[in-house]
Amino acid sequence: MEKAGNRLLPLIVVFALVPLGPLAIDVYLPSIPQMMDVFGASDGDMRQTISIYILALGVSQLLAGPISDRFGRRFSAVLGTLVYAMGSILASLSPNMEVLYIARGMQGIGASFTMITAMAWVRDNYQGNDAGRLLSYIGGVTSAIPTIAPLIGSGLAMAWGWAGGFYMMAGLALLLMVLATVGFDSPKPVKVSVDIENTVALRCNIKDILSNKNFQVFALANLLSFGGLLTYVSVAPVVAMQQGGLSQVEFSMMFGLIGGSQILFSVIAPKVMNKLGRIDTVLTGTIMVAMAGIGLVLMPEGEVGGFFLMAGMASGGFSLLAGAATSMALEPFQYCAGLASSIDGFLRMMGGAVLVAIASALNVDGTTALAIVYMMSLLATMVLMVRKRQIAVGKAQA
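The opening residue of the sequence shown carries number 1368 in this note's numbering; numbering runs sequentially from there.
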């Protein structure tokens, strides 16, 4: 564990490591039309660059966690930023789509290491509500990326062409690699040389994590709410522009407002945690997501304003619960925070992608599909209520 006085630089690095993930999607979106012309690619070909990135990001987390636990947070941070930078450089030099696909996969692998390292470092150095508050603030920074990254990407594209965004990502990753080398001054911040009579506590594997009730409940809350967020991103353009008649500028403004909702709820989440506790904070978030789904069902057809209002409520609910849920899911795993974080991240990413696929396969309009996914958080709400009662009974009997 880092000493309190030595946490400022690591905290700066941690806050910068996580946004590398969404940055690799949002910053190059304005360049996609230009890239289609340069590579002679179709819209479907360009969508594949996002799919490959997300797949690499999700699957690689299962490898990133154990490596981070085994070799330390500094090693995994440096490795992740290096691979991310190499992928960004390769993308900027890509002569064809095949090389670009490889580069995007490398970016996804690198981002998985940076995100897992950050989450595990928080678990190593902070406990309870402190961990939940810090993860909420990190979530606020991450939520700001979709709001500002496209604007940055547009400016970079005008200055340096479609590769400008990849230049920036490479430079940022290399800078963070240097800062991580200096900031994470202990190769293995998790100290296991403590006096523990029961050595079973040191054993940690995927089965142990997946069978832990705390992990199951709070990872489920994360998965279902994140699936709602991904589904919203996938259906919003069609609902807003094709069905609702909004222009691209109007849609971008509404999309930015939803991002603002996420930032707001990420900022107030620590205050809610102080008042309600982490479990009730997660419960409040899942209820907000589920209520947004019910609101979409009751909303008049074609009501674009109402659609974004409900999306803002659900996105705010996700941001409210994410930090508390993640800290509760990781709390039992002091000696393998990296592995636990990697499994939580994998389930959230892959489970969310599955929910998007299910929503796409349903023979319903986008608003109804989103409502169905949002209302799945009712399951998380019920499971959380049961778990809350179990914890209360356990404390009463102790």
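Where is the CB? At the ideal position from N, CA and C, for every residue including glycine.
(message) Can you find the residues in the same chain that come closer than 8 Å, C-beta to C-beta, to Val1760, ignoring five residues on each side of it along the sequence?
(response) none
(request) Along the alpha helix (DSSP H) that carries Gln1401, what are the first and last residues, could you check? (result) Ile1399 to Phe1406
(request) Alpha carbon to alpha carbon, how far is Met1743 from Leu1457? Give it in angstroms, no decimals. (result) 40 Å
(message) I need the straight-line Cα distance from Tyr1493 to Val1634, nearest angstrom please.
(response) 18 Å
(message) For Ala1704, report the span of its alpha helix (DSSP H) as first-last.
(response) Ala1704 to Ala1728
(request) Label Ala1678 either buried or exposed according to how many other C-beta atoms from any shown protein chain fall within 10 Å of its C-beta, with 16 as the threshold for buried. (result) buried
(request) Rounded to whole angstroms, what's the CA-CA distance from Asn1579 to Pro1386? Just pull it up for me. (result) 29 Å
(request) Confirm, please, whether the CB-CB distance from Thr1598 to Ala1316 is below 9 Å. (result) Absent from the structure is residue 1316, since the part of the chain shown begins at 1368 and ends at 1765.
(request) Give a yes or no on whether the C-beta atoms belonging to Asp1711 and Phe1582 are separated by under 9 Å. (result) yes
(message) Under 8 Å: do the stretch 1663-1682 and the stretch 1634-1650 share three or more Cβ pairs, one atom per stretch?
(response) no
(request) Closer than 6 Å by C-beta to Val1557: which residues in its own chain qualify, once you throw out the five before and the five after it? Chain order, please. (result) Caution applies to Val1557, whose pLDDT of 48 falls short of 50 and renders its modelled position unreliable; the value that the coordinates give is listed next. So the list reads Asp1491, once near-sequence residues are dropped.
(message) Helix, strand or coil for Ile1512? Go by DSSP, reduced to three states.
(response) helix
(message) Within the continuous alpha helix (DSSP H) that includes Met1386, where are the two ends?
(response) Per the sequence presented here, residue 1386 reads as Pro, with Met not at that position. Here Pro1386 belongs to no alpha helix (DSSP H), and DSSP marks it neither H nor E.
(request) Please state if the CB of Ser1614 and the CB of Ser1686 are separated by a distance shorter than 9 Å. (result) no
(request) Assuming Ser1435 contacts Gly1690 (C-beta within less than 8 Å), just tell me the rounded distance between them. (result) With 8 Å as the limit, Ser1435 and Gly1690 do not qualify as a contact, their Cβ atoms being about 20 Å apart.
(request) Would you mind reading off the limits of the alpha helix (DSSP H) that contains Leu1676? (result) Val1671 to Leu1697
(request) Would you mind reading off the limits of the alpha helix (DSSP H) that contains Pro1604? (result) Lys1580 to Pro1604
(message) Looking only at its chain, what residues have a beta carbon closer than 7 Å to the beta carbon of Pro1377, apart from the 5 residues adjacent to it on each side?
(response) Glu1369, Trp1488, Gly1550 and Phe1551
(request) State whether the stretch 1439-1452 contacts the stretch 1502-1518, with contact taken as three or more CB pairs (one from each stretch) at a distance under 8 Å. (result) no
(request) Pick helix, strand or coil for Lys1755, following the three-state DSSP scheme. (result) helix
(message) Below 8 Å, how does it come out for the stretch 1437-1447 and the stretch 1408-1424: are there three or more Cβ pairs, yes or no?
(response) no
(request) Please report the Cβ distance between Gly1336 and Gly1612, rounded to the nearest whole angstrom; I am assuming they are in contact, meaning their Cβ atoms lie under 8 Å. (result) Because residue 1336 is not part of the residues shown, which for the chain are 1368 to 1765, the question remains open.
(message) For Ser1398 and Trp1529, I'd like the C-alpha separation in whole angstroms.
(response) 5 Å
(request) Report buried or exposed for Ser1418, applying the criterion of at least 16 other Cβ atoms within 10 angstroms of its Cβ. (result) exposed
(request) Excluding the 5 residues preceding and the 5 following Gly1693 in the sequence, name in chain order all residues of the same chain whose CB lies nearer than 6 Å to its CB. (result) The sequence shown places Thr at residue 1693, rather than the Gly named in the question. Result list for Thr1693: Leu1502, in chain order.
(request) Grab the span of the alpha helix (DSSP H) containing Ser1614 for me, first residue to last. (result) Per DSSP, Ser1614 belongs to no alpha helix (DSSP H) and is neither H nor E.
(request) Using the Cα positions of Ala1607 and Leu1663, report the straight-line distance between them to the nearest angstrom. (result) 14 Å
(message) Please return the same chain residues whose Cβ sits closer than 8 Å to the Cβ of Asn1565, not counting the five positions on each side in sequence.
(response) Since pLDDT at Asn1565 reaches only 42, below the 50 mark, its modelled position is unreliable, and the value read off the structure follows with that caveat. So the list is empty, once near-sequence residues are dropped.
(request) Can you tell me which of the three DSSP states Ile1563 falls into? (result) Confidence at Ile1563 is low in this model, with a pLDDT of 37, below 50, so its placement is unreliable and no value can be given for it.
(request) Compute the distance between the beta-carbons of Leu1650 and Lys1755, then report whether it is under 9 Å. (result) yes
(message) Just to confirm my understanding: we take Ile1625, look at its own chain, exclude 5 residues before and 5 after, and list those with CB closer than 6 Å. What are they?
(response) Ala1678, Gly1679 and Ser1682
(request) Please list, in chain order, all residues of the same chain as Ser1510 whose beta carbon is under 8 Å from its beta carbon, the five residues on each side excluded. (result) Gly1626, Gln1629, Ile1630, Ser1633 and Ser1686
(message) Considering only their Cβ atoms, is the gap separating Gly1538 from Ile1519 smaller than 9 Å?
(response) no
(request) Round the Cβ separation of Leu1590 and Leu1714 to the nearest angstrom and send it over; I've been treating them as touching at under 8 Å. (result) 5 Å
(request) Compare the beta carbon distance of Leu1746 and Gly1595 with 9 Å and say whether it is the shorter of the two. (result) no
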